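Quick mapping for you: the protein sequence lines, in order, are chains A and B.
With my numbering, letter number 196 in the first sequence gets 196, and the count goes up by one each step, no holes.
With my numbering, letter number 7 in the second sequence gets 7, and the count goes up by one each step, no holes.
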Amino acid sequence: MRERFYDVVREALDEDDRVAVVTAQIGNDSIGEHPRHFDVGIREQLMIGVAAGLALEGYRPVAHSYTPFLVERPWEFLKLDLGHNDLGAVLVSTGASYDAARSGRTHQAPEDVAAVAMLPGWTIHVPGHPAELESLFRRSLPGDDRVYIRMSEEENHARVDGGGFTVLRHGSPGAPLVVAVGPTLTPVLQATVDRDVAVAYLATVRPFPHDALRDALAAGTDVVLVEPYLAGTSAAEVAVALREHPHRLLALGVPHAEFRHYGTGPEHRAAHGLDAAGISDSLRSFIP
Amino acid sequence: MWVAMAIAAKTEFGYDDLPSLLTRLTGDEKHDRSSLSTLDVLWVLYDRVLGEEDRFLLSKGHGPAAFYAVLAAKGIVPVDELDGFGSFDSLLGYHPDRVLAPGVELSSGSLGHGLGVATGAALTGRRVWCLVGDAELDEGSNWEAVQYAGRVGLSSLTTIVVDNDSSEHGWPDGIERRFMLEGWVALRVDGRDHEALEAALLPDPDATRPRCIVAEVERQ
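Have a look at this one:
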């Protein structure tokens with residue numbers, strides 16, 4: 001997914017005079033030199049400030065770095081330089097929750113989507129496939145709004161077209177609805193293969209598709225939300241969608257705990273119960 | 001662009017009218033000069049220095065009365081708006097909001113944000129002046145911008161440091177020296193002397209490096 005982003009961003013620089021790219025060392029070599037590519041060194045607050053200044057001058061800034069350094073370290077600059085100034089940018093992170101498991105907690109950022117979602121006015125995309133990343137990124141360039149795109153090494157086997165809330169599998173009337181966000185779709189499909197559930201896919205989590213979720217649940221009452229980042233990040237959105245609809249919600253994701261392990265992404269996925277076996281166990285205990 | 005509007009507006013107000021405009025903002029007949037540390041710099045910028053295509057970013061959003069008074073004198077902020085300063089529906093708050101306030105190019109109040117935005121704008125070739133305070137320089141984010149702008153020779157950027165010696169731990173050996181080490185042209189002028197300010201702030205067409213003008217005013 002990351003290599004696809006670098007290919008597409010280089011094309012965007014060549015094709016669209018509005019596009020300007022800001023990096024803080026990470027990704028600098030892959031994007032390469034261009035008059036509108038500004039690498040500010042390891043200075044993430046400046047990265048966001050520069051993006052805001054470019055937007056002030058009518059450019060479409062794309063800022064890119066590792067997840068914790070793009071979102072968490074300069075978070076107040078997202079809030080003020082972009083949000084409060086009402087300036088737009090496309091922020092594209094790499095690293096997700098635990099792609100760099102081996103690098104430890106400093107490089108693991110399961111809180112990122114919650115941190116961005118807390119700020120008003122952001123569109124948040126969590127693509128599950130390189131083709132989705134390309135499409136969502138290209139679609140973000142013409143605007144002047146604030147967009148966060150979260151890339152990950154975890155990818156689904158195939159792309160899902162449409163971008164919005166897509167029902168991939170219907171259950172019997174009243175069956176539980178499992179919503180897979182981004183790269184959780186593959187393990188969700190594996191975990192639900194023998195179960196009478198509906199499965200929906202979601203790559204754009206903000207704004208949240210309240211109406212589509214309600215329509216997909218129809219006469220059902222049970223919702224399972226599987227997010228590849230902090231568990232419950234979108235739970236309040238589900239509550240808003242279903243405020244007139246009695247329901248039960250199981251929100252799966254990375255648990256809210258300091259997690260002191262290295263290793264590999266798949267090991268972390270399994271430890272957090274986000275692989276097929278873990279999701280299957282959770283479904284078994286939640287669904288009667 | 002707001003500066004072009006200010007130049008086109010051609011009001012009757014001059015520097016001597018600023019005290020009465022400030023009275024409408026604050027209700028005070030007398031003004032503590034320390035709270036108006038930026039007044040002369042702002043006046044000289046808007047009256048003598050800024051051109052139609054230029055941008056000014058006030059990073060030090062604390063104590064914006066002088067800024068609003070100058071914008072009112074230059075016909076950008078409606079004079080009647082001054083009376084409601086800080087009230088619920090006012091366009092003019094204790095820290096400026098660029099979405100609300102006419103003439104304000106940057107929302108500020110949290111210190112250390114303006115220089116980064118100014119750097120981004122200046123990278124496009126835009127001539128940008130950014131005003132910070134000496135205490136504001138305590139924030140490390142400023143130095144990210146100072147270092148980078150110096151390394152890339154961002155000659156379209158001018159930083160004005162209004163220095164009223166209010167930084168808690170001070171700047172031993174001087175603010176200018178720090179900017180110079182990072183590749184800036186830096187000089188200190190009397191922040192109340194309009195001729196000195198004008199001479200220092202006017203654009204230098206031959207500049208190859210960013211400029212830092214330390215405008216020294218009375219200590220708080």
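The beta-carbon is built from N, C-alpha and C at its ideal position, and this holds for glycine as well.
All values derive from a computational prediction rather than experimental measurement.
Measuring C-alpha to C-alpha distances from R284 of chain A to each of A:R195, A:P255, A:D86 and A:V71 identifies A:R195 as the nearest. H84 of chain A reaches chain B at S107, counting residues in chain order whose Cβ is nearer than 7 Å.
By the C-beta density criterion, E52 of chain B is exposed, having fewer than 16 other C-beta atoms within 10 angstroms.
When rounded, the separation of the alpha-carbon atoms in R209 of chain B and G93 of chain B is 35 Å. Counting C-beta pairs with one atom in each stretch, the segment 232-243 of chain A and the segment 154-161 of chain A have fewer than three that are closer than 8 Å, which means they do not touch. For G133 of chain B, the enclosing beta strand (DSSP E) starts and ends at V128 to G133. DSSP, reduced to helix, strand and coil, places L154 of chain B outside both helices and strands of the structure shown, so it counts as coil.
Only exposed fits S103 of chain A, as fewer than 16 other CB atoms lie within 10 angstroms of its CB. When CB distances to chain B are screened at a threshold of 9 Å, not a single residue of the segment 94-113 of chain A falls below it. Inside the segment 13-55 of chain A, DSSP marks whole beta strand (DSSP E) runs of 3 or more residues at positions 19-23 and 37-39, from first to last along the chain.
Here A20 of chain A is near F38 of chain A, since their CB atoms are less than 9 Å apart. For the segment 27-43 of chain A, residues whose beta-carbon sits nearer than 7 Å to a beta-carbon of chain B comprise F38, V40, G41 and R43.
When the beta-carbon positions are compared, V214 of chain B and E182 of chain B stay at least 9 Å from each other.
Residue pairing of V161 of chain B in beta bridges, as defined by DSSP: B:V132 and B:V214. It is roughly 27 Å from the alpha-carbon of R55 of chain B to the alpha-carbon of G84 of chain B. Under the 9 Å criterion on CB atoms, D17 of chain B is classed as non-interfacial with respect to chain A.
Excluding the 5 residues flanking it on each side, H84 of chain A has no same chain C-beta neighbour closer than 7 Å.
Between the alpha carbons of R73 of chain A and E44 of chain A lies a distance of about 7 Å. Apart from sequence neighbours up to five positions away, the residues of its chain that approach K60 of chain B with a beta-carbon distance below 8 Å are T38, S108, L111, G114, L131, V132, G133, E136 and V162, ordered along the chain. Within the segment 111-129 of chain B, the residues whose Cβ lies closer than 9 Å to any Cβ of chain A are, in chain order, G112, H113, G114, L115, G116, V117, A118, T119, G120, A121, A122, L123, T124, G125, R126 and V128.
With a threshold of 9 Å between beta carbons, P173 of chain A makes no contact with chain B. A residue is called buried once 16 or more other Cβ atoms fall within 10 Å of its Cβ, and M47 of chain A is buried on that count.
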